[in-house]
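K.L.:
Handing you this structure, nothing more for now.
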Amino acid sequence: MKLFQKFPGCGAEPRGLKEETKLINVKNLVKNYGEKSVLSGVSFEVKTQEIFALLGPSGAGKTTIINILTRLVEADSGTAEVAATTRQLGLMLDQGGLYPNLSCSDNLSLYARIYGLPLKRVKETLESVGLGDSINKTVSKLSRGMTQRLALARAILYKPKLLILDEPTSALDPGTARGICKLLQTLRENGATIFLTTHNMDEALKLCDRVALLHQGEIIEEGSPLSLCESRNALKTVPDLEAVFLELTGVAL
Ligand SMILES: Nc1ncnc2c1ncn2[C@@H]1O[C@H](COP(=O)(O)OP(=O)(O)O)[C@@H](O)[C@H]1O
Ligand SMILES: [Mg+2]
1 MKLFQKFPGC GAEPRGLKEE TKLINVKNLV KNYGEKSVLS GVSFEVKTQE
51 IFALLGPSGA GKTTIINILT RLVEADSGTA EVAATTRQLG LMLDQGGLYP
101 NLSCSDNLSL YARIYGLPLK RVKETLESVG LGDSINKTVS KLSRGMTQRL
151 ALARAILYKP KLLILDEPTS ALDPGTARGI CKLLQTLREN GATIFLTTHN
201 MDEALKLCDR VALLHQGEII EEGSPLSLCE SRNALKTVPD LEAVFLELTG
251 VAL
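Under my numbering, the first residue of the sequence shown is numbered 1, with each subsequent residue one higher.
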């Protein structure tokens, strides 16, 4: 399975090029489904070691872009280049790719064997996504949020240099979602580059170095979340009920 292609000027190991190197380079993507135009000329870049999110409401075309990046879907025109080998790429597209009748641990152990990883990495990874108490649970018995965490664990198991995550926190409660965001930031600090989609603006504001806003098949704005808020005069203080709960109970929702 060939999920990627290197693009000109970028080696498989872009040592010494940290600041300049782009791991994802999308240019003028166009995709129609029959009469329906989904993407009408989308361009953006994801640089090494940044957390970049594609933001947009449901139906905006986020998953279509990821499907094109991972070669599951072919664009009508334009290019979508990913500078990572399959082994360097961690994907979380949906909750697929997990064996429902196996335990969390057995699911990851299968992949650990394929990639020649020590089995202690399985436990370590499950703990990092908050599934340390569910190591022996069968996947079919997990809640949706737990399955989502297991799918993320599978994506990060072999410490890929590029993570592509489609709505990684969509089925999670706010506390767990925050934990996942912290984990993503740690992975980035350890050298990973992260490209994700979300419709959670608040999460994107806290998590991302840069975001691109996708609307009606086009990127309508791009930049750091704070700079976008500043330029649109949107730095207002909003009531934060979650903070009240946290202050009163010491427990994150
Ligand atoms: N295989 C497909 N056939 C027809 N229409 C599709 C297909 N996949 C996606 N679409 C349409 O493309 C649009 C964008 O979908 P999607 O990329 O899944 O959006 P998002 O991930 O932002 O919610 C939607 O209107 C969806 O119905
Ligand atoms: Mg989607």
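All C-beta atoms in this analysis are idealised placements derived from N, C-alpha and C, irrespective of residue type, glycine included.
All figures in this text were calculated on a predicted structure; none of them were measured in a lab.
In chain order, what residues of the same chain have a beta carbon less than 7 Å from the beta carbon of residue 56, not counting five sequence neighbours either side?
P.N.:
Cβ neighbours of residue 56 beyond the five flanking positions: 62, 199, 213, 214 and 215.
K.L.:
Cβ-heavy atom distance between residue 203 and ligand 3 below 7 Å?
P.N.:
This structure does not include ligand 3; its bound ligands are ligand 1 and ligand 2.
K.L.:
Among the candidates 149, 84, 104 and 94, whose CA atom is the shortest distance from the CA of residue 67?
P.N.:
Measuring from the Cα of residue 67, the nearest candidate turns out to be 94.
K.L.:
Please find out if some non-hydrogen atom of ligand 2 comes closer than 7 Å to the beta-carbon of residue 247.
P.N.:
No, Cβ of residue 247 sits at least 7 Å from all heavy atoms of ligand 2.
K.L.:
With DSSP as the reference, label residue 171 as helix, strand or coil.
P.N.:
Residue state, collapsed to three classes: coil.
K.L.:
Please indicate yes or no: does the CB of residue 64 lie closer than 7 Å to some heavy atom of ligand 1?
P.N.:
Yes, ligand 1 has a heavy atom inside 7 Å of this Cβ.
K.L.:
Where does residue 249 land, buried or exposed, given buried means 16+ other C-beta within 10 angstroms?
P.N.:
Classification for residue 249: exposed.
K.L.:
Shorter than 7 Å, the distance from the beta carbon of residue 59 to the closest heavy atom of ligand 1, or not?
P.N.:
Yes - ligand 1 has a heavy atom lying nearer than 7 Å to the Cβ of residue 59.
K.L.:
Relative to the C-alpha of residue 117, which candidate in 151, 132, 159 and 138 has its C-alpha closest?
P.N.:
Among 151, 132, 159 and 138, the Cα nearest to that of residue 117 is on 159.
K.L.:
Can you tell which of 233, 172, 151 and 228 has the C-alpha that lies nearest to the C-alpha of residue 111?
P.N.:
It is 151.
K.L.:
Flag this pair as touching only if the region 38 to 54 and the region 190 to 208 have three or more C-beta atom pairs under 8 Å; answer yes or no.
P.N.:
In short, these stretches touch, since the Cβ pair count reaches three.
K.L.:
Would you say the beta carbon of residue 38 is closer than 7 Å to some non-hydrogen atom of ligand 1?
P.N.:
Checking the Cβ of residue 38 against ligand 1 gives yes.
K.L.:
CB of residue 56 to nearest heavy atom of ligand 1: below 7 Å?
P.N.:
Result yes, Cβ under 7 Å from ligand 1.
K.L.:
Rounded to the nearest angstrom, what separates residue 101 and residue 232 at their Cα positions?
P.N.:
Whole-angstrom Cα-Cα distance: 50 Å.
K.L.:
Is there at least one non-hydrogen atom of ligand 2 closer than 7 Å to the beta-carbon of residue 169?
P.N.:
No, ligand 2 has no heavy atom inside 7 Å of this Cβ.
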